[in-house]
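Peer 1: Residue numbers (the numbering used here), protein chains in the order written: chain A, 1090 to 1380; chain B, 208 to 383. All C-beta atoms in this analysis are idealised placements derived from N, C-alpha and C, irrespective of residue type, glycine included. Bear in mind the structure is a predicted one, so any value in this text is a computation, not a measurement.
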Amino acid sequence: MLQLFKLLGNKRLFIMLIGLVAFIAIMGFTLGPRASLSWPEKFVKDTVGFVQSVFYKPAAYIAGFFEDVRNMKAVYEENEELRRAVAQYSRESANYNTIKAKYERLRDNLRFTQNQKNRDKYDYRTAEVIAVNSDPNNRTLVVNLGERDGIRPNMSVTTVDGMVGIVSNVSNFTSTVKLLTTMDAQDPNPQPISVTAIGKEDKTFGIVETYDEKTNTLLMTRVAEDDPIAEGDKIISSGAGGVIPPGLIIGTVDSVQISQFGQSRTATITPAAKFEDWRYVIIVVTPEEPK
Amino acid sequence: MMARKQILILLLFVLFILQGTVFFWLTPSSLQLQIYPNFVLVAIFFVSIYYHRHTGLVLGLIFGMLHDIVYYGEMIGTYSFAMGISAYLLGLVFKAPRAPLPMMMTIVILGSLLFDSTLFGIYKVFRLNPTSYNWSLLHHMLPNLLVHFAFALAIYVPVRKQLELIAKYQRRKTAS
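(1) Tell whether a beta-carbon distance below 9 angstroms holds between Val1342 (chain A) and Ile1325 (chain A).
(2) Are the Cβ atoms of Arg1228 (chain A) and Phe1364 (chain A) separated by less than 9 angstroms?
(3) Decide if Asn341 (chain B) is buried, meaning its Cβ has at least 16 other Cβ atoms within 10 Å, or exposed.
(4) Count the other CB atoms within 10 Å of the CB of Gly1251 (chain A); is the residue buried (16 or more) or exposed (fewer)?
(5) Taking Cβ positions, are Val1312 (chain A) and Thr1270 (chain A) nearer each other than 9 angstroms?
(6) Would you be able to state if there are at least three C-beta pairs under 8 angstroms between the segment 302-320 of chain B and the segment 1237-1257 of chain A?
(7) Run through the DSSP bridge pairs and tell me what Arg1354 (chain A) is partnered with.
(8) Please classify Trp1128 (chain A) as buried or exposed, where buried requires at least 16 neighbouring CB atoms within 10 angstroms.
(9) For the beta strand (DSSP E) that Ala1216 (chain A) lies in, which residues bound it at each end?
(10) Measuring straight from C-alpha to C-alpha, what distance separates Tyr1213 (chain A) and Val1246 (chain A)?
(11) Give the straight-line distance between the Cα atoms of Gly284 (chain B) and Tyr278 (chain B), rounded to the nearest whole angstrom.
(12) Alpha carbons only, please: which of B:Arg379, B:Gly280 and B:Gly298 is nearest the one belonging to Val249 (chain B)?
(13) Tell me the residue span of the alpha helix (DSSP H) that contains Lys1100 (chain A).
(14) So with Cβ pairs under 9 angstroms, would you call Gln239 (chain B) a contact of chain A?
(15) Using a Cβ-Cβ cut-off of 9 angstroms, state whether Gly284 (chain B) counts as contacting chain A.
(16) Examine the ligand PLP and report whether any of its heavy atoms sits within less than 8 angstroms of the Cβ of Ala1319 (chain A).
(17) Just mark Ala1393 (chain A) as buried or exposed, buried being the case when its beta carbon has 16 or more other beta carbons within 10 Å.
(18) Flag this pair as touching only if the segment 1198-1214 of chain A and the segment 1371-1378 of chain A have three or more C-beta atom pairs under 8 angstroms; answer yes or no.
(19) With 16 other CB atoms within 10 Å as the buried threshold, where does Leu353 (chain B) fall?
(20) Which same chain residues end up closer than 7 angstroms to Pro1225 (chain A) when comparing Cβ atoms and leaving out the 5 residues on each side of it in sequence?
(21) Please give me, in chain order, every unbroken run of the alpha helix (DSSP H) with length at least 4 that falls completely inside the segment 1157-1205 of chain A.
(22) Quick check: the Cα distance between Leu1126 (chain A) and Asn1258 (chain A), rounded to an integer number of angstroms?
(23) Going along chain A in order, which residues have a C-beta closer than 8 angstroms to the C-beta of Leu326 (chain B)?
(24) Alpha carbon to alpha carbon, how far is Leu349 (chain B) from Val1249 (chain A)? Give it in angstroms, no decimals.
(25) Comparing the C-beta of Ala1220 (chain A) with each C-beta of chain B, is any distance below 9 angstroms?
(26) Find out if the Cβ-Cβ distance for the pair Val229 (chain B), Phe1144 (chain A) is shorter than 9 angstroms.
(27) Between which two residues does the beta strand (DSSP E) harbouring Ser1257 (chain A) extend?
(28) Taking C-beta pairs closer than 9 angstroms, name the residues in chain A that Tyr258 (chain B) reaches, listed in chain order.
(29) If contact is defined by three or more beta carbon pairs under 8 angstroms, each pair taking one atom from either stretch, is the segment 255-264 of chain B in contact with the segment 1177-1186 of chain A?
(30) Counting only C-beta atoms, is Asp1273 (chain A) closer than 9 angstroms to chain B at any point?
(31) 9 angstroms is my cut-off, CB to CB: does Ser255 (chain B) come that close to chain A?
(32) Which residues in the same chain have their Cβ closer than 6 angstroms to the Cβ of Asp1316 (chain A), if we skip the five residues on either side of it in sequence?
(33) Show which residues of chain A have a CB atom less than 7 angstroms away from the CB atom of His355 (chain B).
(34) Run through DSSP, which three-state label would Ser1264 (chain A) get?
(35) For Gln1203 (chain A), count neighbouring C-beta atoms within 10 Å of its own C-beta (all shown protein chains included) and say buried if the count is 16 or more, exposed if not.
(36) For a contact defined as C-beta to C-beta under 7 angstroms, what are the partners of Thr338 (chain B) on chain A?
Given below as structure tokens:
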């Protein structure tokens, strides 16, 4: 007993123990879902974010210049391809406009409330990346849009290629994006995405909630046995669940297997986004839910 | 003479900024998913060895917290804890203010592994990390260690000189 008191009397050990307990408390407290950041966190994030943006942009510009020189040869082919794509786009946009007008008329006839009508009005805001954390346990980007620009936590983030992550925290002028590569079904606060395949929207359904770092693929689970999903299908978010808007590109199906317990199937998906050389991301701003 | 200390801390902050911005663009695209160098940590190891381990501990806690808040994805406190404890422990174990180059490099290697393992352990405890230790060691920690080693070699001469100047000044002040 005397020995124990002597041990507690050791000041250094005592301080270290208190420090350890304090850190575990901080980690546990910040791990759960939080409504918003406290003001010291916002202040640090905004100040550092400003300095980071000063450094990131010129570096990206110089790196981009060398990449452009390397890609010079591919420009001609790319131009041909784009010309074909634009021709098809203008043909389809006429079709789209008629269908949209018809859809809105029908919605009026069915007496949708203003709230219901606004629900699928998404705003796409382009944000510049100002810093990257490539720690595999906690892959995040810092982007230069924040609370003042109407960004809120849990909004989806995409690039031109496909979905890349979810806004995890917002300060006044910057926000942090948690990348899909940290997704895991075992997470204390998982972020599942309900998905479907292009062209089979009413038949295919699955949930993406795991990223396999070893093979760089996403895992789509809970696919029913009679699902018509096949290799090469383009997978998009279905919008079921309400958090993630429909129509965001996730990737293409690599292979379909029977799941571990044989009740359903799982599909491995190659993500469409590349998760490297970050320049711009697009944040999908969802309409604010009325209280 | 006193301004030297403040300038060094300011340089540490600049290093923290560069690590998330310019160094990201210097790494080739194929390696961007593998390495996540923490240069601030290497600089803090130097402080911990050539100046004092308590300064290393405090700097580790502060800059770790800065990293945690700016890149806040899942939780706050992991980097702060891991950087503080690894800087302090190394300073405690290697109490040699005149550590020669080979010894300092050994310290950086051990410290880099200690830091990455602590980080891995914390994320494992909170079930945020599905990979196994062996895989992570081969694909993240060892490539990281090489980058840390190269960085330590590059900054060894100037940083040691500055820190020893500060330490000498401090000693003379307490003696008089």
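Peer 2: On the basis of the coordinates in this document:
(1) no
(2) yes
(3) exposed
(4) buried
(5) no
(6) no
(7) A:Val1312 and A:Ile1347
(8) exposed
(9) Asp1212 to Asn1222
(10) 9 angstroms
(11) 11 angstroms
(12) B:Gly298
(13) Lys1100 to Leu1120
(14) yes
(15) yes
(16) For the ligand PLP, the structure offers nothing, since it holds no ligand at all.
(17) As shown, chain A starts at 1090 and ends at 1380. That puts residue 1393 (chain A) outside it, with no answer to give.
(18) yes
(19) exposed
(20) Glu1302
(21) 1164-1198
(22) 7 angstroms
(23) Asp1224 and Asn1226
(24) 33 angstroms
(25) yes
(26) yes
(27) Met1252 to Val1259
(28) Simply none; closest approach about 19 angstroms.
(29) no
(30) yes
(31) no
(32) Thr1293
(33) What His355 (chain B) touches in chain A: nothing, since even the nearest Cβ is about 14 angstroms away.
(34) strand
(35) exposed
(36) Glu1302
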